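Numbering (the working numbering), first residue to last: 626 to 690.
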């Protein structure tokens, strides 16, 4: 899982609006939560993996456009 740090992923679905998403990284779907709570994430947004929130949830931040 540590191999995912610093990698890019793509938001594929919203699980809980403003709190939890699904993100695809290397063709695998993970739960994701935000490192930056002021950014709004939408389906299709590119994100960078910056850590782990727990064993099954990646901590992500939105990539600058």
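Ideal Cβ positions, reconstructed from N, Cα and C, are used throughout, including at glycine.
Here the structure is a predicted model, which is why all the values come from computation and not from measurement.
When the Cα atoms are used, residue 652 and residue 674 turn out to be separated by approximately 14 Å. Taking C-beta separations shorter than 8 Å and ignoring five residues to either side along the sequence, the partners of residue 658 in its chain run 644, 645, 646, 678, 682, 683, 684, 685, following chain order. DSSP places residue 652 in no beta strand (DSSP E); its state is neither H nor E. Ranked by Cα distance from residue 655, the options 688, 631, 636 are led by 636. Contact between residue 634 and residue 648 is confirmed by a C-beta separation of about 4 Å, below the 8 Å threshold. Judged by their CB atoms, residue 664 and residue 687 are nearer to each other than the 7 Å cut-off.
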